[in-house]
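A quick write-up on the structure given underneath.
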Amino acid sequence: MIKDRLRWQIADALQTCFKNKTLHSCTVPEIQIEVPGNPEHGDFASNLAMTMARAERKSPRQIAEALVTALDDCDFLSKVEIAGPGFINFTLTAAVWHQVLDEITAKGEKYGFSQIGQGRKVQVEFVSANPTGPLHIGHGRGAVTGDAVAAVMQAAGYDVQREYYINDAGNQMRTLGLSLLLRYREMCGQPVAFPEDCYQGDYIISLAKEVHEAEGTRYMGLEEDAAIKILGQLGSDRILVGIREDLKAFGITFDQWFSEQGLFDRGEVAAGLELLAEKGLTYDKDGATWFRTTDFGDDKDRVLVRSNGDTTYFASDVAYHLEKFGRGLETLIDVWGADHHGYVQRMKAVIKGIGRNPDDLQVILVQLVSLLREGEPVAMSTRSGEFITLREVIDEVGKDASRFLFLLRRADSPLDFDLELAKRQSNDNPVYYVQYAHARVCSINRNALEQGVVLPKPDAADLSCLILPEELSLAKQLARYPETIVGAAQNHEPHRVVYYLQELASQFHSYYNRQRVLEDDSATTQARLYLVNGIRIVLANALNLLGVDAPERM
RNA sequence: GGCCCCGUAGCUCAGCUGGAUAGAGCAACCGCCUCCUAAGCGGUAGGUCACAGAUUCGAAUUCUGUCGGGGCCGCCA
């Protein structure tokens, strides 16, 4: 990256200064380089002179003078200035920015990828909705967030695995079975009182109907417990198939679907409990088994085994995370709904308790989604079973718009999702704004082809005519793409890519309106065609990371 | 009572891990298609970054406290 080149150069200059004794402290501080907000301050700025002032016992300006002198013969800097309280402002030659275009063209869809992650094994676990009902819009946000975090980290060189944890053990399976059984009995003509704590949704009724049509009354003869068990299993299997299809329609696939029940079947829950007991991390009280999570920063101890002998969800989760580390995964990223935040400390306590760095578990809490239609809230009640499913949202507004809008906010910021606005094909819809930029370049390409203008090969284009401020500014924005991905990956913030895209699209649209790409002078035409195709590649790469299509026509 | 998130333009939100004159979209107003896609562009207007302290060359950004909004605190998952 260009920033790194500059960093090396400054480090060199620093050494030169130490050698010729213009500077003394000989400790190399971290060299911070940033992009100034004001373009008049150059392409990059460093505060190095100010941070060194104390150790050098000199004024920032004196230090800056020495550094600038040492930087004198650097060929890719066109201007170095000392400004304000002691900033050093760097302006790079146009040729440096032109090289970015060559790099993009040469790397193509690989442009933006890096090895920062060094192949570190990371797992992103997301959605993980109970297989007791269809996905709703809140799951959708978690799904897109997890998927995009995974994608961005892959691009940054992490070895990423996507996983869905299926809560197919525990009480809710029984509730599902019971709900189905009761609806099934209704189908068979037996009047039932349907309890409030059963699943109310219509999907239970249609499932029961399917069972009744396929298998008649055969479950009526079974003992209630047996029927509940069988129907619970059958129901969760069917629902899971639906979830899988919905996610696929949303462009999301997992490397692994991990069953909670499997943890029990393989004895891993019991083994986990044993391990904790051996380490002296548990104790018995009131007939239950507790984990001393307070020893690791939790505000109270947590039950692993209830007094009735059942293990808790927490116990499964302990076993699950142990199992993950056992697979050789180094960093675990869990994407949870914000209502689970109380769970974070307790899981971190587990990680500490087993002797690992608590940062090996990273939790992304995704805030609530409010579903609106024309600004009016859409009633969503899981309890009454009246809710709009994720599938309905995808069908209504489309995959691309839904995904993009979900990523438009930081995960920890609540999100309003307006169905009408999402569908509107107008300028209030940021998805189309970005896609349109891509389609426009494609359109230019079609016209170029018609006119016989050929896109230059990498390093073969004469770019010396790309000297307009907006052209250089576009090249600089393109140069920023790789570091945007790195930032998004390291901070688990895919929304940064969305904002980057909007900025790039904005600059492009502006350029497009101001300058013609295909014009008379063939050198200029070729250079500009080269530039806009660099833009096209980056737009496509970034959209692709977010799982949004980059259409050639709109 | 304890914990988490948030408070930035009329509205919805960014702000690159502490930098120079705080940004974008929408809404409002004024303009731009004989020319590569007007799903676009240009311009005007809009701010005590909730408040008060602290840290330092420098704070929207870090720390403490206060106020306000939302959420979570089960031997449910």
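Anchor point for the first sequence: position 176 equals 179 in my numbering, and the numbering is continuous, going up by one each time. The C-beta atom is built at its ideal place from N, Cα and C for all residues, glycine as well. Given the structure is predicted, the values throughout are model-derived calculations rather than measurements.
N- and C-terminal bounds of the alpha helix (DSSP H) containing residue i
i: Asp7; result: Ile5 to Lys22
i: Tyr323; result: Tyr316 to Gly329
i: Arg406; result: Lys402 to Phe409
i: Pro63; result: Pro63 to Ala73
i: Pro485; result: Tyr484 to Gln493
i: Gly501; result: In the sequence under discussion, the amino acid at residue 501 is Val, which differs from the Gly named in the question. Residues His498 to Arg517.
i: Thr178; result: Asn174 to Met190
i: Glu248; result: Glu227 to Ala252
Opening and closing residue of the beta strand (DSSP E) in which residue i lies
i: Ala464; result: Looking at the DSSP string, Ala464 is not in any beta strand (DSSP E), and its letter there is neither H nor E.
i: Ala341; result: Counting along the chain, Ala341 falls outside any beta strand (DSSP E), and DSSP gives it neither H nor E.
i: Gly262; result: Strictly speaking, residue 262 in this sequence is Ser, with Gly absent from that position. Start and end: Gln259 to Ser262.
i: Asp78; result: First-last for Asp78: undefined, no H or E at that position.
i: Ala48; result: Phe47 to Ser49
Residue i in three-state terms, based on DSSP
i: Tyr202; result: coil
i: Ile36; result: strand
i: Arg359; result: coil
i: Pro472; result: helix
i: Ser525; result: helix
i: Val437; result: helix
i: Tyr580; result: Here the chain has residues from 4 to 557 only, and residue 580 is not among them.
i: Asp431; result: coil
i: Glu453; result: helix
i: Val369; result: strand
i: Phe420; result: strand
i: Thr392; result: strand
i: Ile169; result: strand
i: Ile255; result: coil
Top-ranked residue by Cα proximity to residue i, from the options
i: Pro134; options: Thr96, Met156, Gly455 and Ile169; result: Ile169
i: Gln35; options: Leu9, His44 and Lys82; result: Leu9
i: Gln18; options: Met4, Thr54, Pro42 and Leu74; result: Leu74
i: Gly136; options: Leu521, Asp171, Val125 and Glu474; result: Asp171
i: Phe129; options: Tyr167, Ala530 and Val306; result: Tyr167
i: Glu473; options: Val437, Tyr435 and Arg517; result: Arg517
i: Asp76; options: Asp15, Lys402 and Arg144; result: Asp15
i: Ala404; options: Ser49, Ala414, Asp421 and Phe390; result: Asp421
i: Arg2; options: Gln438, Ser416, Asn174 and Lys426; result: As shown, the chain starts at 4 and ends at 557. That puts residue 2 outside it, with no answer to give.
i: Leu183; options: Tyr202, Arg394 and Pro194; result: Tyr202
i: Ala291; options: Asp302, Ala318 and Ser131; result: Ala318
i: Arg413; options: Ile397, His498 and Phe390; result: His498
i: Asp268; options: Tyr323, Leu243, Thr297 and Leu279; result: Tyr323
i: Gln365; options: Arg376, Trp339, Leu375 and Leu371; result: Trp339
i: Ile336; options: Asp363, Asp342, Ser513 and Leu325; result: Asp363
i: Glu106; options: Ala464, Leu250 and Pro194; result: Ala464
Inter-residue spacing [alpha-carbon to alpha-carbon] between residue i and residue j
i: Asp304; j: Asp287; result: 11 Å
i: Ile447; j: Pro461; result: 19 Å
i: Leu234; j: Gly537; result: 56 Å
i: Gly192; j: Ser209; result: 15 Å
i: Arg358; j: Arg295; result: For clarity, residue 358 is Gly in the given sequence; the question names Arg instead. Taking the straight line joining both Cα atoms gives about 14 Å.
i: Phe79; j: Val99; result: 7 Å
i: Pro39; j: Phe93; result: 10 Å
i: Phe253; j: Thr148; result: 12 Å
i: Asn450; j: Thr25; result: 59 Å
i: Thr334; j: Gly180; result: 36 Å
i: Glu271; j: Glu281; result: 15 Å
i: Ala442; j: Phe511; result: 12 Å
i: Leu411; j: Glu68; result: 44 Å
i: Thr285; j: Asp313; result: 16 Å
i: Gly204; j: Gln102; result: 59 Å
i: Val163; j: Ser239; result: 28 Å
i: Gly345; j: Gln121; result: 32 Å
i: Ile66; j: Ala482; result: 29 Å
i: His142; j: Gly89; result: 50 Å
i: Val155; j: Thr315; result: 34 Å
i: Arg531; j: Val520; result: 5 Å
i: Gly455; j: Tyr533; result: 15 Å
i: Pro380; j: Ile391; result: 12 Å
i: Ala217; j: Ile397; result: 30 Å
i: Arg539; j: Leu276; result: 54 Å
i: Ala553; j: Glu43; result: 34 Å
i: Lys426; j: Val437; result: 15 Å
i: Arg349; j: Leu368; result: 15 Å
Ranges of the beta strand (DSSP E) found wholly within the stretch 83-151, counting only runs of at least 3:
Those beta strand (DSSP E) runs which fall completely within the stretch 83-151 and span 3+ residues are 90-95 and 124-128.
Inside the stretch 271-313 only - alpha helix (DSSP H) runs reaching at least 4 residues:
271-281
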